[in-house]
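**Student:** Heads up, the sequence shown is in full-length UniProt numbering, so the first residue is 6 and it goes up one at a time.
Just so you know, even glycine gets a beta-carbon here, dropped at the ideal spot from N, CA and C.
What you are looking at is a predicted structure, and each value in this text was computed from that prediction instead of being measured.
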Amino acid sequence: FAAPETRAFEADVSKLLHMMVHSVYSDRDVFLRELISNAADACEKLRYEAISRPELLGDDAQPRITVTLDKEAGTLTVTDNGIGMSAIDMAETLGTIARSGTKAFMDRLAADKNGEGQQLIGQFGVGFYSAFMVAGKVEVVSRRAGEDEAASWASDGSGTYTIAPVDPAAAPLRGTRVTLTLLDEAKSYAELYTVERIVKAQSGHVPVPIFVEETGSEEEARQLADGAALWARSKSDISEDEYADFYRSVAGQFDKPAMTLHYRAEGRHEYSVLTFIPESKPFDLFDPDRNGRIKLYVRRVFITDEAEILPRYLRFVRGLVDSADLPLNMSREMIQESPVLSAIQKGVSNRILSELDKLSESDADRYAAIWDNFGAVLKEGLYEDYERRAQLLGLARFKTTASNGEWRSLKDYVAGLKENQTAIFYATGDDLDRIATSPQLEGFKARGIEVLLLPDQVDNFWTTMGVDYEGKPFKSVTQGSSDLSLIPLAEESADTSNAAEDVSGFIAFAKEVLADHVSDVRISDRLTTSAVCIVAPDNAMDLQLEKMLAAAGR
Ligand code: ADP
Ligand code: MG
């Protein structure tokens, strides 16, 4: 980049920008949270790199974010002294869509039929590009830590951006300056009062101090947030609002936490944990690239959010762990393999499950709301995590033929077993209402036997793994002769003792006609009003699973 160069955005970025520019989303304040969070990330990245290269800090070791307002020029500038970007970094990160969250957002948008896209911006934020909701022009000037050259990036949010070398004297000594030329209708973002309010509300807990100043004002820059680690404070000093604010800055979501877990582990390993379960479902929950994003800190220094501290089936949990005993100068790869990390992984996972269990006892409604959102993910643990399977079965909730749309636990199910009933019966499918009205269930209903209704994809897998609950195996209603005859009918129904003779002619006929398609035709106990149904042999695949595999071309 010896000379200015103009390039076209990737097609996806153009689409996203178009959406930002034409956004009618009312809560545009979110752009500031995104810029401040990028500035804080950059400071944390520098803090980490400086562990092995302390010279990067020079004589400017205190991380700092400054928001500068210029009413006359109509600009808002966010400056940080973090890691900075080279011209190449800028081209790679500010012309493409790098982060998977934003990609998933785009996919969701493409599939969006009921105009929820605008809400999605507000709920999840879409990073740097959200600046174009309020700015007609965005200019980024940056210098990567340890480098002499500086570069700029600028765009008006239409199809192209320009990257150019910058006179080093005009660039920050280290770090990044993002300047927004505000749109006429967004000029209020150059007002001190407005910006102070937004920063306090949205970014009060980012781990880097934040200052606000006005160009041309006598007053000194005012500090709005102290960058102190909330998780290091004692629980009794922290209000629910503070936790909620912190959750929003750490999770990048705009809802509230449905469950907050804050504790300090002591003993063999010392670490602090502050995690949250969101109140609403993130849209990328089933994105295959979506891993957990629990942040790992070592003595307040951010190390990585890719340490996979929690198993995949807890990927909806947000927050952080701060270890007191991992060495700071260990590479991320070494940390990954450290026994300290595995102790943390185990300890935190167990604790989250036991907290969920406690919540299910103390506040069934709040627990049910969490299960509503994340039950389908937690159930992945039933086949992925053999060691915690029993615990997960205890946490699992199901809609059943007897639950009137409410969630029921297996404990309740087993308490209501009928005489001679030895299995937990379930029916799978992809639509709850359809499963509930399936003829396969008639014989069960007639005997008052409760059947679990399992509508999620995962249900087809864990049910086939020989899982049992308190010695009771799970059995599909479509599988074989479920031995219903041993269980008495709940109410008198027509006498069927002569049925075998009455229909023997028909059975023989049906066997002949269907010879190539079915392995047997027989009289069944499972129906009451429907005439026939198809079942799977006892030792064969469940019908729903067979359908799924057939659809997948196996
Ligand atoms: P995300 O923060 O989730 O990665 P963004 O769209 O907010 O996504 O930012 C895209 C990328 O641009 C960042 O990952 C980072 O590499 C780069 N970036 C943005 N702002 C800064 C900054 N102030 N300092 C350094 N890098 C930045
Ligand atoms: Mg960001």
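Rounded to whole angstroms, how far is the Cβ of Val213 from the Cβ of Arg69, which I believe are closer than 8 Å?
**Tutor:** Counting from one through the sequence shown, the residue named residue 213 turns up at place 208. Counting from one through the sequence shown, the residue named residue 69 turns up at place 64. Contact holds; Cβ gap of about 7 Å.
**Student:** Evaluate the contact criterion for the region 355–367 versus the region 297–313: three or more CB pairs, one atom per stretch, below 8 Å.
**Tutor:** Cβ pair count under 8 Å is below three, so no.
**Student:** Distance, Cα to Cα, Val145 vs Ser157?
**Tutor:** In the sequence shown, residue 145 corresponds to position 140, counting from 1. In the sequence shown, residue 157 corresponds to position 152, counting from 1. If you take the alpha carbons of Val145 and Ser157, they lie about 5 Å apart.
**Student:** Residue range of the alpha helix (DSSP H) that Gly386 falls in?
**Tutor:** Residue numbering aside, residue 386 sits at position 381 when the sequence shown is read from its first letter. Unbroken alpha helix (DSSP H) run through Gly386: Glu385 to Glu389.
**Student:** Report yes if the CB atom of Phe405 is closer than 8 Å to the CB atom of Leu457, and no otherwise.
**Tutor:** As a working mapping, residue 405 is identified with position 400 in the sequence shown. As a working mapping, residue 457 is identified with position 452 in the sequence shown. The residue you asked about is not Phe; residue 405 is Thr in the sequence shown. Contact flag set, yes.
**Student:** At what residues does the alpha helix (DSSP H) containing Lys363 begin and finish?
**Tutor:** Translated into positions along the sequence shown, residue 363 becomes position 358. Here the alpha helix (DSSP H) through Lys363 covers Pro344 to Ser367.
**Student:** Around the Cβ of Asp85, are there at least 16 other Cβ atoms within 10 angstroms (buried) or fewer (exposed)?
**Tutor:** Position 80 of the sequence shown, counted from the start, is the residue given in the question as residue 85. Classification of Asp85: buried, given that the 10 Å Cβ count is 16 or more.
**Student:** Going by DSSP, what residue range makes up the beta strand (DSSP E) through Val26?
**Tutor:** On the sequence shown, residue 26 is found 21 positions in, with the first residue counted as 1. Segment Ala16 to Val26 is the alpha helix (DSSP H) holding Val26; no beta strand (DSSP E) there.
**Student:** Three or more C-beta pairs closer than 8 Å, one from the region 188–203 and one from the region 162–176: is that the case here?
**Tutor:** Output reads no: the region 162–176 does not touch the region 188–203.
**Student:** Would you say Phe259 touches ligand 2, meaning its beta carbon is less than 7 Å from a heavy atom?
**Tutor:** By one-based count along the sequence shown, residue 259 stands at place 254. False, no ligand heavy atom lies under 7 Å from that Cβ.
**Student:** Can you check the region 379–456 for any alpha helix (DSSP H) of at least 4 residues that lies completely inside it and give the ranges in chain order?
**Tutor:** List check, alpha helix (DSSP H) in window: 385–389, 394–400, 415–420, 437–441 and 447–451.
**Student:** Does the distance from the CB of Arg164 to the CB of Phe14 come in under 8 Å?
**Tutor:** Sequence index remark: in the sequence shown, residue 164 carries index 159 (1-based). Sequence index remark: in the sequence shown, residue 14 carries index 9 (1-based). In the sequence on display, residue 164 carries Gly and not Arg. Contact: yes.
**Student:** Using 10 angstroms around the beta-carbon of Leu491, count the other beta-carbons present and answer buried if the total reaches 16, otherwise exposed.
**Tutor:** As a first step, residue 491 must be located in the sequence shown, where it is residue number 486. By the neighbour-count rule (16 or more Cβ atoms within 10 Å), Leu491 is not buried but exposed.
**Student:** Thinking C-alpha only, which one of Arg52, Asp75 and Thr82 is nearest Phe36?
**Tutor:** Along the sequence shown, read from residue 1 onward, the residue named residue 36 stands at position 31. Here the closest residue by C-alpha is Thr82.
**Student:** Bridge partners for Lys477 per DSSP, in chain order?
**Tutor:** Numbered from 1 along the sequence shown, position 472 holds the residue referred to as residue 477. Lys477 pairs with Tyr474.
**Student:** What three-state label does DSSP hand Leu331 in the structure shown?
**Tutor:** For this step, residue 331 is matched to residue 326 along the sequence shown. Reduced to three states, the DSSP call for Leu331 is coil.
**Student:** Would you call the region 327–342 and the region 374–390 in contact, with 3 or more CB pairs under 8 Å?
**Tutor:** Counting Cβ pairs under 8 Å, fewer than three are found: no touch.
**Student:** What residue does the beta strand (DSSP E) around Glu168 start on, and which one ends it?
**Tutor:** Taking the first residue of the sequence shown as 1, we reach residue 168 at position 163. First, the amino acid is wrong: residue 168 is Ile here, not Glu. Run containing Ile168: Thr165 to Val171, per the beta strand (DSSP E) assignment.
**Student:** Just to confirm, are Ile429 and Tyr474 a CB contact at a threshold of 8 Å?
**Tutor:** Mapped onto the sequence shown, residue 429 falls at position 424. Mapped onto the sequence shown, residue 474 falls at position 469. A contact, by the Cβ cut-off of 8 Å.
**Student:** Have a look at Asn259 and Glu284 and give me their C-alpha separation to the nearest angstrom.
**Tutor:** If you number the sequence shown from 1, residue 259 lands on position 254. If you number the sequence shown from 1, residue 284 lands on position 279. Checking the sequence, you will find Phe at residue 259 rather than Asn. Distance between the alpha carbons of Phe259 and Glu284: 10 Å.
**Student:** When we look at the beta-carbon of Gly162 and count the other beta-carbons within 10 Å, is it buried (16 or more) or exposed?
**Tutor:** Here residue 162 refers to the residue found at position 157 when the sequence shown is read from its first residue. Counting Cβ neighbours within 10 Å, Gly162 comes out buried, since at least 16 surround it.
**Student:** Under 8 Å, do Met90 and Thr98 count as touching if we go by C-beta distance?
**Tutor:** Counting from one through the sequence shown, the residue named residue 90 turns up at place 85. Counting from one through the sequence shown, the residue named residue 98 turns up at place 93. Yes.
**Student:** Three-state secondary structure (DSSP) at Asp85?
**Tutor:** Residue 85 sits at position 80 when you count from the first residue of the sequence shown. Three-state DSSP puts Asp85 in a strand.
**Student:** Between which two residues does the beta strand (DSSP E) containing Ser42 stretch?
**Tutor:** Counting from 1 along the sequence shown, the entry for residue 42 is found at position 37. Premise fails: Ser42 lies in the alpha helix (DSSP H), Val35 to Ser57, not in any beta strand (DSSP E).
**Student:** How about Pro287 and Phe321: are their beta carbons less than 8 Å apart?
**Tutor:** Counting from 1 along the sequence shown, the entry for residue 287 is found at position 282. Counting from 1 along the sequence shown, the entry for residue 321 is found at position 316. Going by C-beta atoms, Pro287 is nearer than 8 Å to Phe321.
**Student:** Any heavy atom of ligand 1 closer than 7 Å to the beta-carbon of Met90?
**Tutor:** Indexing the sequence shown from 1 puts residue 90 at position 85. Indeed, a heavy atom of ligand 1 lies less than 7 Å from the Cβ.
**Student:** Indicate, with yes or no, if ligand 1 has a heavy atom lying under 7 Å from the CB of Gly297.
**Tutor:** Here residue 297 corresponds to residue number 292 of the sequence shown, with the count starting at 1. No, since every heavy atom of ligand 1 falls outside the 7 Å radius drawn around the Cβ of Gly297.
**Student:** Taking Cβ positions, are Arg393 and Val472 nearer each other than 8 Å?
**Tutor:** Translated into positions along the sequence shown, residue 393 becomes position 388. Translated into positions along the sequence shown, residue 472 becomes position 467. Taking 8 Å as the Cβ cut-off, Arg393 and Val472 do not qualify as a contacting pair.
**Student:** Just to confirm before moving on: does the CB-CB distance between Val211 and Ile88 stay below 8 Å?
**Tutor:** As a first step, residue 211 must be located in the sequence shown, where it is residue number 206. As a first step, residue 88 must be located in the sequence shown, where it is residue number 83. Against a cut-off of 8 Å, the Cβ pair of Ile88 and Val211 comes out as no contact.
**Student:** Going by beta-carbon coordinates alone, are Thr71 and Glu218 separated by less than 8 Å?
**Tutor:** Residue numbering aside, residue 71 sits at position 66 when the sequence shown is read from its first letter. Residue numbering aside, residue 218 sits at position 213 when the sequence shown is read from its first letter. Yes, the pair counts as a contact, with Cβ atoms nearer than the cut-off.
**Student:** In or out: Ser239 buried (at least 16 other Cβ within 10 Å) or exposed?
**Tutor:** As a position in the sequence shown, residue 239 is number 234, starting the count at 1. Under this definition Ser239 is an exposed residue.
**Student:** Pick out whichever of Pro493, Glu455 and Met335 has its Cα sitting closest to the Cα of Ser481.
**Tutor:** Here the question's residue 481 lines up with position 476 in the sequence shown. Of the listed residues, the one whose Cα sits closest to Ser481 is Glu455.
**Student:** Quick one: give me the first and last residue of the alpha helix (DSSP H) that Ala253 is part of.
**Tutor:** On the sequence shown, position 248 is the one that residue 253 refers to. Sequence inspection shows Arg at residue 253; the Ala mentioned does not correspond to that position. Arg253 -> alpha helix (DSSP H) spans Glu245 to Ala256.
**Student:** Is residue 564 near ligand 2, going by C-beta to nearest heavy atom under 7 Å?
**Tutor:** The structure shown does not extend to residue 564, since the chain is modelled only from 6 to 559, so the question has no answer here.
**Student:** Cβ of Ser42 within 7 Å of any heavy atom in ligand 2?
**Tutor:** In the sequence shown, the residue the question calls residue 42 occupies position 37. Yes, Cβ of Ser42 sits closer than 7 Å to a heavy atom of ligand 2.
**Student:** Output the distance between the C-alpha atoms of Ala45 and Ile215, rounded to the nearest integer angstrom.
**Tutor:** Taking the first residue of the sequence shown as 1, we reach residue 45 at position 40. Taking the first residue of the sequence shown as 1, we reach residue 215 at position 210. Each residue's Cα considered, the two are about 9 Å apart.
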